[in-house]
Structures are given as structure tokens and as C-alpha cells.
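To start, the structure under review is shown below, and the notes come after it.
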Amino acid sequence: MKTASLRTRLTWLIIAVLVVVLIPLGTISYRREQREMNQLLDGRLAQAGRTLGTLIAYNQGSYPAAASSTGLTLPSDVQHGSVVVSVHPRNYEPEVGFQAYDPHGRLIAATANLADLAPPPPEERGFSDLHHHDHRWRLFTLKNRFGLVIRIGERYDNRRDITRGLILEHGLPLLIGLPLLAILVSLAVKRGLRPLDLLTRLLAKRTPGSRRTISIERTPREIKPLIVTLNQQLERLEDAIDREHRFASDVAHELRTPLAATMIHLESAIIAEDPEEISYTLKNARRSLARLGRRIEQILAIARLEAGAASQQRMPLDLIVIATEVVEELAPIIAEKDISLSLNHDEPDLHVSGHEVALTAMFRNLVENALRYAPSGGQVDIAIARVDGKAVIDISDDGPGIPAERRETVFKRFHRESEATSQGFGLGLSIVQRAVELHEATISLLESPGGQGLLVRIRMDALPA
């Protein structure tokens, strides 16, 4: 199904809003005017009835004079002493009629269209509706001060004509104006969306790798946040591409040396004839392959973290369990270097919301670094505690440590301390820092409590006990 364009959607939404607003307003206005029209016509009918009653009362001895003064033609028919007059309606005059009764209830004057209408009951006064001779009439009945009962009526045909006129007056502008309004709204929306068309053309012309920011002159306020965010996203994308290019180059450089060393040891073993020399070179090749495997493992770990592989749904994890598993995994290295390692915790468990792969990589690299730089027979301490709702992880060693002025640089990739006594790859703390960032935690490099070595402290949000 084809998705409607923004221009079409805005056009129809604006037209719908106009229809929703204008039609109820037109309906309310029409009903109000119709009500006022009925009140005006009723008032005119009542006034005509009172005027007619006064004229007849002052001319009771001369009915023709009274009738002629009301614009009627007399006489046309006389029955039982009453005068029946005929009304000659014109196309611009309403159809009207009347009856007049003396105080004794005798009909003394009437128009032909209402002459055969039964006398009104005594309680009938004011306005009423009546069907007579296939027509609907609006009647007004009154008894004046002279005792005369006057019934005057007007056919609803006149009111229907006025009603039709009101409908045409209120409906015709909508029928004509809405299509025209739709065209004008469409043109206005097209003009209003012109900055988006310009933005689309600028993005289409943008070349890969360009760091030039997108700028549109006289940008509307609503589009400025979009352009700012888009420029930020493009900048982050270009930075990510640059980092990946640098990372690929650095990885190629880092893998070249152990691969070359392994090849040299293997070639030496192939051409050697002395069994002891062959065994020695093969052991060196094995060590080179082990170093290469560890280097590849670290490179893949940091690549997964940077690519967001650890951004899956977080889950509750026990830091003490993860630390214990890492210590058990590194037990052979601990025994080989004759290092004393302790794992201390105040609670049986301490849970955080996190990613298992990232936290395991963080612990492994921190403990490996501590074991690598700690001297033979040295001490490595791991402490996990809850402090003010935070999980605090301390890993300390009694190695050479890192000078305070160089502690910020050790988080860079492939950075090695010149005084390092062990061969590292400069990736361990980069992996740790990435894991810390994934968990919105903080990491600090401090002096070891023993006065020698390094203390790494990590603080992150802990789940309730």
C-alpha cells in the first residue's frame, strides 16, 4: 500500500479541520437565524392581528371601510351577516387570512381561505399551528379590549421559502468555497514544505565522507532541530567510519608482529636438526600462537562492544558470581606466577542490571592486567561492596602502578606503558572502558592501598538487595 505524502496528508488534515469547524458553525448560524426569523414573523403576525382588531372595532358600522383599510377587496360573499373577503396574493406577498368574531361569538368578517374554519375554542389564545386545505398555517388568536376575537394566520409556504434561502445562503458558499479552499491549501502546504524539498536535494548531493554541515538559509524554527540532529548524526557516523578505518589499520599492524614471529619459529624448527633446538623453537612458536590468540580475542571483544553487540536487553546479574567465574578461569595463570589473589565481598550477592558479555570482559581484563603487572609472589585483591546504592568494584595489585599524569592515556587503544615489565597489547583497558560506558558507570585509577601498585575502582548502579 502506497504511503500518502506529507503534503497530501497535511492538505487533507487542514481541509478536514475546516469542514469540522465550518459545518457546525454554519448549522448553528442557520438554526439561530431560523429561530430569529420565526420570532420576527410571529411578532409581525401578532402585530397585524392587533391592528386588524382595532380597525374592525372602530368601524363596526362600516365593514367595507375597515376591510379596505387593511388592503382587502370587499365584498365577495355574505353569509349569516358576515363579510367574507378575498385576498389576491402576489408572488412577493405571503398567503394570509383572518377571522373576526364579535363578543357573542358570531363571525363578522373573514377571508375566503379561512371562512370555513371552525371558531376557536374559548381557551385558545396565542400562537398555534393548523392544517387546513392541504396547507399548514401559523395562527395567532387574541381577544382585544373591545371584546372582539381575532384569529389571523399565515401559511408556512412563506417561511419555507425563507428557510430555503437561508440554506442556500449558508450552504452555497461551503459548496463553492471548499474545493477552492482545498486548492489554495494544497498550494500553501507545498510552499510551506519547500525547506524539506531543499533539504532532500542537499542530502542527495552530499558526497560520502563529507564533513560539511547541512545549512539552509532562513530555516523555519520547526526544521532547525531536525537539521541540528541530522548534522550530529552525520558527524557521529563519519567519526565511526574513521574509527573503524583506524581500527582496521591498527589491527593489521598488531597482528603482523606475532604472525611473523610464529612463522620464524616454525621455519627454525623445520630447518633445525638438534631435537632440543627443535623443541625450543616449537615452544616459542606455541607461545607466539598463544599471544596471537589472546590478541585476537581482545580485538574481537572490543569490536563486539563497539559495534553494540552488548546492547541487547539488560538482565539482573550477580557481580560476585561473575568475578568468581573469572578467577576460576584464570586460576592456572595465578598458580603459574605464584600470586596471592583474594576476593572479598560483604554480601552473599550483589546484583546489577547489565550485559553479561561486557561485565565478564571487564572483570577478565582488569584481573589479567593486575596479574600481568604484579610481581611473582605478589598480591592481587578484588573487593565488591554496596555503598550508597552503588556497586563498587576495587581491583588492586602491588605492581609498578601508573603515574598520575599518564592515567588518562592508558584507555587509548594500543597504548602501552614504557615501564611495563610484561608484554601487553594496549587493548585491555579500552575494553574495560567500553564496558563501563555501556553500563553508565564510572572508572577511576588510584593509588593502591599498600602504597605501591594500582587500584582500579568502578562504580555502577546496584539493584535493591
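Its first residue numbered 951, the sequence shown is counted upward by one per residue in our numbering.
The beta-carbon is built from N, C-alpha and C at its ideal position, and this holds for glycine as well.
A quick note: this is a predicted structure, and the numbers were derived from the prediction, not measured.
Cβ-Cβ separation between T1274 and L1293: approximately 7 Å, consistent with a contact (criterion under 8 Å). In this structure, S1238 lies near A1211, with their beta-carbon atoms less than 8 Å apart. Between the alpha carbons of Q1329 and N1319 lies a gap of roughly 13 Å. For L1116, the three-state secondary structure derived from DSSP is helix. The three-state secondary structure of Q1383, taken from DSSP, is helix. Taking a C-beta distance under 8 Å as the contact criterion, G999 and I1100 qualify as a contact pair.
Under the three-pair Cβ rule at 8 Å, the segment 1280 to 1292 counts as touching the segment 1321 to 1336.
Per DSSP, W962 has no beta-bridge partner at all. Assigned with DSSP and collapsed to three states, D1347 falls in strand. Ranked by how close their Cα comes to the Cα of E1104, the residues N1063, P1158, D1338 have N1063 in first place. If you draw a straight line from the Cα of R1264 to the Cα of I1177, it comes to about 32 Å. The beta carbon of P1053 sits closer than 6 Å to the beta carbons of G1097 from its chain, once the five residues preceding and following it are set aside; these are given in chain order.
Bounds of the beta strand (DSSP E) holding P1266 are 1265 to 1268.
The closest CA to that of I1272, considering only E1247, D1299, L1153, S1326, is found on D1299. In the three-state reduction of the DSSP assignment, A1412 falls in the coil class.
With a cut-off of 8 Å on Cβ pairs, the segment 980 to 991 is in contact with the segment 1105 to 1121, counting three or more such pairs. Between the alpha carbons of I1381 and A1132 lies a distance of about 60 Å. For L1413, the closest of Q1402, H1389, S1398, L1396 by C-alpha to C-alpha distance is H1389. Following the DSSP letters along the chain, one finds Y1051 in no alpha helix (DSSP H) but inside the beta strand (DSSP E) bounded by residues 1046 to 1051. Approximately 7 Å separates the beta-carbon atoms of I1343 and L1269; this is inside 8 Å, confirming the contact. M1213 sits exposed, since fewer than 16 C-beta atoms from the chains shown fall within 10 Å of its C-beta. Around the Cβ of V1406, a 10 Å sphere holds 16 or more other Cβ atoms; the residue is buried.
Taking the CA atoms as reference points, E1172 sits about 24 Å from L1187. In this structure, DSSP gives S1160 a state outside helix and strand, which the three-state scheme calls coil. In the DSSP assignment, the residues bridged to E1104 are V1046, R1088.
Distance from the Cα of L975 is smallest, within the candidate group R1095, H1120, R957, for H1120. A Cβ-Cβ separation of about 6 Å places S1346 in contact with P1399 under the 8 Å criterion.
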